[in-house]
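Enquirer: Quick note on this note's numbering: the first sequence kicks off at 299 and runs consecutively. The beta-carbon is built from N, C-alpha and C at its ideal position, and this holds for glycine as well. This is the structure I want to talk about, given as structure tokens.
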Amino acid sequence: MRSSTAGKARKPKTEGESFAEKVLAVVAKIPRGKVLTYGQVATLVGSPRASRIVGGVLFRLGPDSRLPWQRVINAQGKLSTYRVGSGPEQRRRLEAEGLKFNREGAVDLKRHQWWPPERLLKAWELDEDLVASIHRRFGW
DNA sequence: TCAGTGACTCCCC
DNA sequence: CGGGGAGCCACTG
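Written out as structure tokens, the structure reads:
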């Protein structure tokens with residue numbers, strides 16, 4: 299067995315799912331009419347600072363995916379997908395679920411942001427310290 | 001193996 | 001409230 303790469307910690311990989319797979323699993327659970335931010339998703343899969351990677355995963359997923367990718371937005375309550383062309387599609391889908399956009403193109407996160415129920419957190423085996431940090435960081 | 005990349009976030013002014 | 005800039009880190013070729 300190779301004696302590891304020098305320095306940086308690598309992704310588990312033998313630990314079952316990859317980062318991307320975890321992201322998709324979380325996204326699949328977001329209820330209709332609710333949203334998560336990229337940062338929340340990253341936090342929920344155990345890498346609080348990997349929000350950009352979450353975006354990359356969803357980008358590669360493609361707009362035709364069966365998953366509710368439209369329910370992931372940025373921390374400002376706005377859509378980050380205009381840059382890649384799927385902004386109108388995402389907005390249309392969210393409005394179809396009852397979300398309202400204000401004049402600046404943002405939804406009310408306080409009202410629509412979702413947090414998984416305890417049983418899901420358990421199923422995802424989130425570290426207790428992580429859950430505690432989530433409470434602190436997002437005031438959940 | 002490794003440097004480049006980006007559907008992000010935060011911080012500072 | 002808005003814009004600029006610097007981190008961030010899994011993924012990609």
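Would you give the residue range spanned by the alpha helix (DSSP H) that R435 belongs to?
Expert: Residue numbering aside, residue 435 sits at position 137 when the first sequence is read from its first letter. Segment 426–436, the alpha helix (DSSP H) holding R435.
Enquirer: Which residues in the same chain as S384 place their Cβ atom closer than 6 Å to its Cβ, once the five residues preceding and following it in sequence are excluded?
Expert: Translated into positions along the first sequence, residue 384 becomes position 86. Around S384: P361.
Enquirer: Assuming E393 is part of the alpha helix (DSSP H), what are its boundary residues?
Expert: As a working note, residue 393 is residue 95 in the first sequence. Counting along the chain, the alpha helix (DSSP H) containing E393 begins and ends at 385–394.
Enquirer: Output the boundary residues of the alpha helix (DSSP H) element that contains G403.
Expert: Taking the first sequence and counting its residues from 1, one reaches residue 403 at position 105. Taken as a continuous stretch (DSSP letters only), G403 belongs to no alpha helix (DSSP H), as it is neither H nor E.
Enquirer: Along the alpha helix (DSSP H) that carries V355, what are the first and last residues, could you check?
Expert: Locating residue 355 in the first sequence gives position 57, where the first residue counts as 1. First-last of the alpha helix (DSSP H) with V355: 349–359.
Enquirer: Taking the continuous alpha helix (DSSP H) assigned at A421, which residues delimit it?
Expert: Counting from 1 along the first sequence, the entry for residue 421 is found at position 123. Looking at the DSSP string, the run of the alpha helix (DSSP H) that includes A421 is 416–421.
Enquirer: Flag this pair as touching only if the stretch 339–346 and the stretch 371–385 have three or more C-beta atom pairs under 8 Å; answer yes or no.
Expert: Because the criterion of three Cβ pairs below 8 Å is not met, the stretch 339–346 and the stretch 371–385 do not touch.
Enquirer: Assign V370 to one of three DSSP states: helix, strand, or coil.
Expert: In the first sequence, the residue the question calls residue 370 occupies position 72. V370 falls in the strand class under three-state DSSP.
Enquirer: Is L407 helix, strand or coil by DSSP?
Expert: By one-based count along the first sequence, residue 407 stands at place 109. If DSSP states are grouped into helix, strand and coil, L407 belongs with the helices.
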